[in-house]
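Residue numbers (the UniProt record's numbering): 1 to 384. Everything below concerns the one structure shown next.
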């Protein structure tokens, strides 16, 4: 049975989705580029097939290595430089209609073949698709990709872009400040592909942003839908015990590091054994080289003259604070965790906020690591 839908092939619940390709191993634009970014292993296989001259117009082929999602690569061009030809669409559809049962295809979603970067007219292609697909004994969706607002995974990605200032995910991607500024100036966007039209957003930046946000959203979906079997729950309990032990080791290590830079010499009232009354949910990570900077740095400038004597200690404790703020906590809670004066903790939280490491929330005042903001936004997106 034939169905028409305004969405993309990625948002239709079918066993197989169709990608339009050329025969020279380049997925550089349009739908093919999105397939490349979503399914990089498929793209590697496609390039190798093209190298061996196995990809030919008129003969679409199946790629099955993505679990429940099968991909039908449908050649609509011989070379990416040149337009599609209507006869190649005809030959490919005829081949598919004869061989889909042999391939085990039970449902499939097609785009408008050859009508975007291929240059063909939909008025010419549509009758061919209806001719070959209309009477098949499986569900066939023709995806017109006419939605003005992104939906599905793309919708979550677009929302993250539109909220870039609030959630700070760009810091994990190390997005250049000038490019970030241009993106913010162009917001809001409605479809992810609009990013490619923003001045200053080149192909590499676009690809990096797409891949990062796509993988982030898919990872969240996987974790959200992962079944909680008895064995899984048992493993989670064991992980929690291990994390508690790791955190105790980390706090002891932190104490030694602070002592090494003379932090406790003028603070004898502080207990040198750092403890915590609750499990933080993950082992604390070490900064790669906390005392690397020998000259004035951005961190020193932000902390100001009044905090310079605590600079080394701040650099050491910052990753521990970030880890502790994987969940929202107040200044008092952090002070109690690390057995440090509230005033000093307040100064450090303010400095960490200026560095973009933590975010201050209000009503009531509390703090959370910016690295946790992407997860929080995804939780919001999938809850509404």
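Don't be surprised by glycine CBs; every beta carbon is placed ideally from N, CA and C.
First through last residue of the beta strand (DSSP E) which encompasses residue i
i	result
residue 71	69–75
residue 192	Where residue 192 is concerned, there is no enclosing beta strand (DSSP E), given that its DSSP letter is neither H nor E.
residue 361	358–361
residue 126	Here residue 126 belongs to no beta strand (DSSP E); instead the alpha helix (DSSP H) covers 122–133.
Identity of the residue in the options nearest residue i by Cα
i	options	result
residue 122	144, 205, 215	144
residue 36	10, 15, 185, 353	10
residue 73	354, 149, 108	108
residue 115	92, 85, 91	85
residue 8	146, 15, 88, 136	146
residue 1	136, 132, 113	136
residue 139	149, 344, 117, 106	106
residue 191	34, 321, 346	34
residue 70	90, 133, 100	100
residue 322	113, 343, 360	360
residue 46	63, 341, 90, 126	63
residue 5	68, 141, 313	141
residue 16	185, 127, 68	68
residue 155	213, 111, 110	213
Nearest-angstrom Cα separation, counted from residue j out to residue i
i	j	result
residue 364	residue 179	34 Å
residue 103	residue 18	14 Å
residue 317	residue 331	15 Å
residue 209	residue 173	8 Å
residue 21	residue 202	22 Å
residue 356	residue 334	18 Å
residue 195	residue 183	8 Å
residue 197	residue 149	16 Å
residue 205	residue 170	11 Å
residue 287	residue 319	Note on residue 287: pLDDT 37, under 50, position unreliable in the model; the coordinate value appears next. Those two C-alpha atoms are separated by around 6 Å.
residue 166	residue 42	34 Å
residue 81	residue 124	21 Å
residue 344	residue 314	10 Å
residue 30	residue 346	49 Å
residue 189	residue 40	25 Å
residue 51	residue 32	17 Å
residue 207	residue 341	46 Å
Endpoints, the alpha helix (DSSP H) within which residue i is located
i	result
residue 79	Per DSSP, residue 79 belongs to no alpha helix (DSSP H) and is neither H nor E.
residue 3	Element bounds for residue 3: not the alpha helix (DSSP H) but the beta strand (DSSP E), 2–5.
residue 367	Looking at the DSSP string, residue 367 is not in any alpha helix (DSSP H); the run it does join, the beta strand (DSSP E), is 366–369.
residue 19	Taken as a continuous stretch (DSSP letters only), residue 19 belongs to no alpha helix (DSSP H), being part of the beta strand (DSSP E) at 16–21.
residue 139	Per DSSP, residue 139 belongs to no alpha helix (DSSP H); it is in the beta strand (DSSP E), 139–143.
residue 409	Any property of residue 409 remains undetermined from this structure, which presents the chain solely from 1 to 384.
residue 169	It is not in any alpha helix (DSSP H) - residue 169 carries neither H nor E in the DSSP assignment.
residue 40	40–51
residue 10	Counting along the chain, residue 10 falls outside any alpha helix (DSSP H), and DSSP gives it neither H nor E.
residue 351	342–354
residue 94	86–99
residue 180	177–186
Nonlocal neighbours in the same chain, by C-beta distance under 7 Å from residue i, ignoring five residues either side
i	result
residue 49	55
residue 13	none
residue 130	2
residue 329	366, 367
residue 112	122, 125, 144
8 Å Cβ shell around residue i - same chain, five flanking residues per side excluded
i	result
residue 325	334, 358, 367, 368, 369, 372
residue 60	18, 72, 73, 74, 75, 92, 95, 96
Neighbourhood of residue i by C-beta distance below 6 Å, restricted to the same chain and skipping five residues each side
i	result
residue 153	217
residue 90	128
residue 348	314
residue 164	170
heavy atom of the ligand FMN below 8 Å from residue i C-beta
i	result
residue 220	The model on display carries no ligand, and the ligand FMN is accordingly not part of it.
Proximity test, Cβ basis, 9 Å: residue i and chain D
i	result
residue 99	Going by chain labels, chain D is absent from the structure shown, which holds only one protein chain.
Three CB pairs or more closer than 8 Å across the region 156–175 and the region 204–218:
Yes, they touch.
Q) Any contact of the region 19–27 with the region 50–58, i.e. 3+ C-beta pairs under 8 Å? A) In the pairwise beta carbon analysis, the region 19–27 is classified as touching the region 50–58: at least three pairs are separated by under 8 Å.
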